[in-house]
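Written out below as structure tokens is the structure these notes cover.
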Amino acid sequence: MPIAQLEAPALTEPARPNDLADTEDFDYITGTTVIRLSETEKLRQSVVRALVDQYGIDPRDMAVDVPLHVTDPEGGRPRRRRVSLAVFEHGRPHEQEYIRRVVVTSARPRKNRASVKIRSYPHAHHQDDRAGEISAIMQAAGPACRYGLWTDGDDLIFIGRDTTSAGNETFLPLTNWPTAVAHQRDTAPAPASRTTGSTPANETMLRLAFRRCRNAIHVNEGQPQDAAFWQFLYVLLAKFHDEYLVRAGKRETRFHLHRDTADRIPGEADRSTAAERVKELFGELKERYAHYNLFDQTDELSLSDQALGFLVGELAAYSLCTTPLDTLTTAYHELFGDTLSGDHGQYFTPASVVRLLVEITAPEPGETVLDPCCGTGGFLRESLAALSRRHAVAAALLTTQEHTRLAAAHHEELSRNAQERVFGADLDPMMARAAAFAVMMLTGSVGNTFHMDSLAFPTSGSLPGLPDARRHLDRIGPGAVDVLLTNPPFGSDISVTGPVLELFRTGPSQVEKPSVAFSWIREKDGTLRRGKPASSVVPEKLFVQKAIEWVRPGGRIGMVLPNGILSNPGADDEALREYILDECWIMASIDLPVESFLVGAGVNVLTSALALRKKTDQEKHRERMHGPADYPVFMAVAEKGGHDRRGKPLYVRDGHGNLVAGGHEETDLITVRGAANLRTVRRRAFILDDDLRSARKFPQGNDQPCIITAYHAFVARHDHEFPWNSGD
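Okay, so the sequence shown: first residue is 184 according to the working numbering, each after it adds one.
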């Protein structure tokens with residue numbers, strides 16, 4: 184099926200990105216018009232993109248700041264009002280009689296996180312002036328205006344017009360808007376949940392939905408943030424289970440608020456029946472995964488019917504299984520936020536640091552990936568997402584139907600990869616479960632995440648995940664792992680003591696081996712002499728040794744470590760560095776900005792990202808014969824992480840202090856009214872001052888420092904000098 188080309192206005196003397204002022208940008212509706220980028224305009228532009236991505240509305244059918252005569256609901260006097268965004272009937276002139284949808288945007292509230300209060304529609308309609316404002320604007324737009332939306336970037340209110348009762352026009356609450364195709368097909372207002380799961384999620388809309396759901400549970404159910412997290416996660420898993428059954432052709436969707444009640448306000452009965460269906464889905468999910476021991480008798484949905492109905496209404500419109508993995512991982516990070524925390528020195532690895540180490544170690548299809556301190560599964564999710572990107576095909580070559588078909592096939596491949604090649608473990612049972620659920624949501628497979636003591640594996644340990652992990656010794660046994668990625672717990676206050684230390688000093692046959700679990704003494708000539716066995720060792724040092732023992736010869740390691748390990752002059756730290764140099768080649772050593780962990784994890788700590796390649800026996804023999812190899816090592820200092828200590832974004836500025844903009848023409852594949860279309864727009868964005876940005880997001884024509892781009896250039900220049908590529 185050919186793909187249509189959306190026509191854009193002819194460009195004469197087009198504006199260049201750097202011709203624009205700091206407060207200007209290109210309008211996404213036209214792709215060429217220069218607009219003033221206020222905070223309100225930023226919100227409107229994100230809504231426009233969501234209308235295109237999420238609802239299949241043709242951008243040529245949109246217009247901004249459309250004037251209307253609105254009747255004041257209190258005084259009854261007419262007043263002139265410009266509606267933020269109007270959507271016209273497809274292909275019709277931009278005249279008032281053809282307005283079909285309206286959007287009202289408002290300034291974002293001055294608060295750190297939105298608090299969503301679940302209300303009944305009558306209460307919202309009579310006491311919330313936002314719903315009344317939308318209704319008045321829809322009324323002013325004319326009888327053909329069917330749908331309204333109010334948003335401030337944190338909250339959403341959807342309204343539909345009911346014209347089925349002659350002379351008794353009412354405005355109904357909707358859980359979402361229908362797509363452009365559904366609007367064309369239906370004659371009565373219909374929430375998107377009537378075609379539930381039909382639309383891949385737009386990132387902005389999905390993040391907002393996740394945030395609203397989690398906060399709604401916290402605010403309305405009186406549950407603390409961690410309990411709210413688990414309840415929301417249970418509902419999400421029930422939705423994924425429902426989509427799995429629908430995709431397999433086993434039955435129609437059951438995850439919906441109301442399918443056949445478009446002509447009336449959803450009431451208590453609708454919420455109660457939706458709640459029962461979700462509880463049944465969650466029960467089926469627990470039975471489906473019973474042999475994985477992920478659930479126990481305490482895992483129950485304890486939310487009220489009203490809250491469950493709210494969550495179903497927020498999520499039903501999205502097809503999470505066909506949503507791109509990058510979008511899901513971003514939204515999943517919004518779900519976690521700062522909800523979970525461990526008491527064993529764990530904290531969450533910022534997404535930019537996770538991407539950096541995954542891009543440097545570059546897991547290949549068929550390679551085993553392990554994170555022995557997986558936390559909520561950041562390295563596992565990013566590794567799966569990286570493998571997913573390898574299957575990306577040029578959008579211009581595919582129809583929407585082909586995209587859907589390939590996405591389904593690739594989803595099965597990702598599921599197999601999660602089952603066979605991606606492994607995680609954590610000492611904290613809640614972390615291990617959260618990581619398993621994250622993999623389950625991304626791939627449909629529970630994957631392999633174990634509650635165990637990674638430092639004692641595989642020799643000893645009493646935690647319940649150990650037997651399951653031992654069944655995979657061919658993949659994750661000592662010397663078997665291809666790529667190990669981890670951010671181990673730090674801190675002298677959680678030092679490791681006891682019998683586990685002996686595992687680091689002697690091998691399986693009680694033969695002494697190179698180890699960091701000793702004290703070290705510096706001689707007068709500067710050499711190091713091993714002292715007595717250490718009675719306690721900080722966990723990060725033990726995890727360095729464990730990681731090296733875990734990977735196969737030639738395998739790669741990516742770790743986040745405190746700076747002291749790589750720079751402190753003490754004998755113990757120097758001995759660890761010598762151990763690393765004896766056992767591994769150093770691929771990269773990168774000092775990370777303190778802001779990354781301060782904002783991303785709330786921890787004020789100086790850290791480094793270290794990438795290693797384990798030496799083979801042949802390479803070690805060559806060094807013994809010819810002396811230590813001299814080879815180039817990539818080293819960098821990341822000075823900026825894209826934000827300051829308060830989390831405020833930082834952008835690149837020129838020598839005069841002006842913001843530097845990057846811009847180019849970009850061709851998007853968008854689905855308009857069910858048909859695939861190519862659309863070229865001019866894009867301009869201020870460049871985030873982030874040395875850790877992903878290579879795939881590197882702005883065209885930008886010469887600002889980028890660690891991963893510099894690393895790839897370094898590898899291309901010195902590839903023949905690396906000892907692991909000598910070919911001997």
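Glycine included, C-beta positions come from ideal geometry on N, C-alpha and C. Here the structure is a predicted model, which means the values were calculated and not measured.
Going by DSSP, what residues sit across from residue i in a beta bridge?
i      : result
LYS797 : CYS767
PHE780 : Per DSSP, none; premise fails for PHE780.
ILE218 : ASP208
MET742 : THR669, LEU793
MET818 : SER772
MET245 : VAL270
ALA569 : Answer is none; ALA569 lacks a bridge partner.
VAL287 : TRP333
Applying the 10 Å Cβ sphere with the 16-neighbour rule, what's the burial state of residue i?
i      : result
THR669 : buried
SER637 : buried
THR206 : exposed
LEU795 : buried
VAL552 : buried
GLU706 : exposed
SER210 : With the sequence shown as reference, residue 210 is identified as Asp, and Ser is not the correct amino acid for it. The residue in question, ASP210, is buried, as its Cβ has 16 or more Cβ neighbours within 10 Å.
MET635 : buried
ASP665 : buried
SER719 : exposed
MET321 : buried
GLY840 : exposed
SER750 : exposed
LEU875 : buried
PRO776 : buried
THR481 : exposed
Measuring alpha carbon to alpha carbon, tell me which residue in the options is nearest residue i.
i      : options                        : result
LEU744 : TRP733, PHE780, THR510         : PHE780
MET919 : GLU596, SER628, ALA514, GLY714 : Because residue 919 is not part of the residues shown, which for the chain are 184 to 911, the question remains open.
GLY747 : VAL541, GLY738, ARG564, LEU759 : LEU759
PRO895 : VAL816, LEU833, LEU842         : One detail in the question is off: residue 895 reads as His in this sequence, not Pro. For HIS895, the nearest C-alpha among the options comes from VAL816.
ALA819 : ARG260, ILE769, THR689         : ILE769
ASP800 : LEU793, PRO691, ASP765         : ASP765
PHE531 : THR559, THR510, ASP208         : THR559
HIS901 : ARG260, PRO776, ALA319, ASP813 : ASP813
HIS252 : ILE212, ALA290, GLU316         : GLU316
GLU280 : TRP907, VAL249, ARG232, GLY343 : VAL249
THR689 : GLY709, LEU711, THR642, SER678 : THR642
ARG739 : THR626, CYS767, ALA754, PHE726 : CYS767
PRO671 : GLN406, GLY741, VAL495, ASP708 : GLY741
Can you tell me whether DSSP reads residue i as helix, strand or coil?
i      : result
ASP874 : coil
MET635 : coil
THR710 : coil
VAL835 : coil
ILE748 : helix
SER267 : strand
PHE695 : This sequence places Glu at residue 695; Phe is not what is there. Correct three-state label for GLU695: strand.
ASN295 : Caution is warranted here: a pLDDT of 49 is assigned to ASN295, below 50, making its placement in the model unreliable, and no coordinate value can be reported.
VAL253 : strand
ARG900 : helix
LEU656 : helix
SER318 : helix
TRP360 : coil
ALA499 : coil
PHE640 : coil
VAL402 : helix
HIS826 : strand
Would you mind stating whether residue i and residue j have Cβ atoms separated by less than 7 Å?
i      : j      : result
ALA569 : VAL536 : no
LEU563 : VAL605 : yes
LYS823 : ASP872 : yes
LEU667 : TRP733 : yes
ARG260 : VAL270 : no
PHE687 : GLU723 : no
LYS797 : PRO736 : yes
GLY607 : ASP554 : yes
LEU362 : TYR238 : Residue 362 is actually Thr in this sequence, not Leu. In contact: THR362 and TYR238 (Cβ atoms closer than 7 Å).
VAL699 : ALA639 : no
PHE354 : ILE342 : yes
LEU486 : HIS424 : no
I'd like to know whether the C-beta of residue i is nearer than 7 Å to at least one C-beta of chain D.
i      : result
THR790 : In the structure shown, chain D cannot be found, because there is only a single protein chain.
Is the closest heavy atom of the ligand ADP to the C-beta of residue i under 6 Å?
i      : result
ASN359 : Summarising the ligand content, the structure contains no ligands, and the ligand ADP is consequently not present.
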